[in-house]
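Student: Numbering (mature numbering (1 follows the signal peptide of the UniProt record, and there is no 0)), first residue to last: -24 to -1, 1 to 111.
Let me begin by handing over the structure; questions about it come next.
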Amino acid sequence: MELSLRQLMIAAVTSLTLAGTAIAADMSDAAIAERIKPVGAVYLEGDAPAAPVVAAGPRSGDAVYGTFCAACHGTGVMGAPKKASPVTGMHGLPKVTRRWPAMPSTALTPCPPSSCMDCSDDEIIAAINHMIEGL
């Protein structure tokens, strides 16, 4: 009985090893390109270059607020001041302009660091101005 169990274990390990090798054996250029297609593309010398990325310009305050700020500021999560709510003290905040270049970083201190990782100062100023509209 012990000998047959040992033989069964050896056969199982060998089968799994060979199956894994057969799956990983397809290392052709086409197979590799198919596997990396969701992640990226490889450009070789002589290939046509990728089209250049053109900046779209700054996003509007409404777009930034709707994408990055509304989740907390729309509902007042953890005391976040709600949009256009005089109860939260935002009525004392003047319209933000370029006269205060340090305003965006100090205004965002309580916000989570991942709120808007790619927002420029102008976009943050526009979002703050959007929040205080109508006060």
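Every residue, glycine too, gets a C-beta built ideally from N, C-alpha and C.
Just so it is clear, the structure is predicted and the values come from calculations on it, not from any experiment.
#1: Could you have a look at I100 and say whether DSSP puts it in helix, strand or coil?
#2: In angstroms with no decimal places, state the Cα-to-Cα distance between E10 and M3.
#3: Within the same chain, show all residues whose beta-carbon is closer than 6 angstroms to that of M107, passing over the 5 residues directly before and after it, in chain order.
#4: Distance, Cα to Cα, L(-17) vs T(-4)?
#5: With C-beta atoms as the reference, is I101 less than 9 angstroms away from G37?
#6: At what residues does the alpha helix (DSSP H) containing R11 begin and finish?
#7: Got a sec, what are the start and stop residues for the alpha helix (DSSP H) V40 sits in?
#8: Report all residues from its chain with a CB closer than 7 angstroms to the CB of S96; omit the five preceding and five following residues, and keep chain order.
#9: Would you mind reading off the limits of the alpha helix (DSSP H) that contains C48?
#10: Do you know how far the Cα of Y19 is from the Cα of S61?
#11: In whole angstroms, what is the alpha-carbon distance linking C92 and A103?
#12: Alpha carbon to alpha carbon, how far is K13 from A56? Give it in angstroms, no decimals.
Tutor: Reading it off the structure:
#1: Note: I100 maps to helix in three-state DSSP.
#2: Put simply, the backbone Cα of E10 is about 11 angstroms away from that of M3.
#3: Close CB contacts of M107 within its chain, under the 6 angstroms cut and outside five residues either way in sequence, are with K59 (chain order).
#4: One C-alpha to the other measures close to 20 angstroms.
#5: Cβ distance < 9 angstroms, so I101 and G37 count as in contact.
#6: Counting along the chain, the alpha helix (DSSP H) containing R11 begins and ends at 5 to 12.
#7: Taken as a continuous stretch (DSSP letters only), the alpha helix (DSSP H) holding V40 covers 37 to 40.
#8: Only P34 meet the Cβ criterion.
#9: Annotation for C48: the continuous alpha helix (DSSP H) segment containing it runs 46 to 49.
#10: For S61 and Y19, the distance between alpha carbons rounds to 52 angstroms.
#11: Rounded to the nearest angstrom, the two C-alpha atoms are 11 angstroms apart.
#12: The C-alpha of K13 is placed about 41 angstroms away from the C-alpha of A56.
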